[in-house]
Amino acid sequence: MNNLQFLRVGTILTSVLIGGEALALLIGMHLLSERRNPWISFKNDFLLALDLVTALGMILAVTMNRDVFSSNTFYFLALVSILSHGYRGWEYFANIQNKFCINAPLFIINDLKLLGLLIIVALGVIIRLTPTV
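Take the sequence shown: its letters are residues 0 to 132, numbered as in numbering that gives the first Met the number 0.
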């Protein structure tokens with residue numbers, strides 16, 4: 000497996016984790032939890048929607064675009080996702096009321112997704128800047 004294939008697989012796995020967790024939280028919080036769950040808010044729903052859009056966008060970009068790591072759209076989606084996951088980490092440490100990461104397991108998963116995104120972007124930039132022979 001070459002570096003580009005490794006990066007594509009890593010992007011898909013990270014995106015599936017992002018989208019899968021968003022879908023699980025969406026179902027769990029809206030369909031399976033009590034009606035007056037304080038976690039359910041515009042901000043948290045917005046972050047879930049952002050996760051679904053960026054995850055799907057990155058999966059589509061990687062599977063449909065041969066030269067995806069030269070695409071500004073890919074980096075825009077990744078940057079939006081990095082910023083939203085970074086914000087959630089800040090919320091957790093600042094102990095913000097109604098934070099997205101309401102417990103340590105959600106915070107750990109958030110950080111794993113953030114790490115995956117940072118690795119993908121760093122490797123993508125390296126590939127983009129490396130001259131081809």
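Note that CB positions come from ideal geometry on N, CA and C, so glycine has one too.
Residue from the options whose Cα sits closest to the Cα of residue i
i: Ile126; options: Gly115, Asn43 and Phe68; result: Phe68
i: His84; options: Met63, Ala60 and Leu51; result: Leu51
i: Val152; options: Leu105, Ala21, Lys98 and Asp66; result: With the chain covering only 0 through 132, there is no way to say anything about residue 152.
i: Thr208; options: Ile26, Pro130, Val120 and Arg34; result: As shown, the chain starts at 0 and ends at 132. That puts residue 208 outside it, with no answer to give.
i: Ile135; options: Ser70, Phe75, Lys42 and Lys112; result: Beyond the ends of the chain as shown, which are 0 and 132, falls residue 135; an answer cannot be given.
Residue i, DSSP secondary structure in three states
i: Pro37; result: coil
i: Arg65; result: coil
i: Lys98; result: coil
i: Asn1; result: coil
i: Pro104; result: helix
i: Thr129; result: coil
i: Ser70; result: coil
i: Ser32; result: coil
Cutoff 7 Å; reference residue i; Cβ partners in own chain excluding five residues on either side
i: Leu117; result: Ile81
i: Ser70; result: Ala60 and Asn64
8 Å contact criterion, which residue i and residue j should meet: CB distance rounded
i: Val79; j: Leu47; result: Actually they are not in contact, since the Cβ atoms of Val79 and Leu47 sit about 14 Å apart, beyond 8 Å.
i: Leu6; j: Leu122; result: 5 Å
Beta-carbon proximity list for residue i, same chain, < 8 Å, skipping 5 on both sides
i: Ile101; result: Trp38
Separation of residue j from residue i, as counted between CA atoms
i: Asn36; j: Leu24; result: 13 Å
i: Val15; j: Ala54; result: 7 Å
i: Val61; j: Gln4; result: 10 Å
i: Gly9; j: Asp110; result: 16 Å
i: Ile135; j: Leu114; result: Absent from the structure is residue 135, since the part of the chain shown begins at 0 and ends at 132.
i: Ser32; j: Asn2; result: 43 Å
i: Ala103; j: Tyr91; result: 9 Å
i: Met28; j: Met63; result: 32 Å
i: Ala93; j: Gly19; result: 26 Å
i: Trp89; j: Met57; result: 24 Å
i: Ala21; j: Pro130; result: 37 Å
i: Phe45; j: Ile17; result: 14 Å
Neighbourhood of residue i by C-beta distance below 6 Å, restricted to the same chain and skipping five residues each side
i: Arg87; result: Phe99, Cys100 and Asn109
Below-7 Å beta-carbon distance, residue i vs any chain B residue
i: Asn2; result: Here chain B cannot be found, since the structure has a single protein chain.
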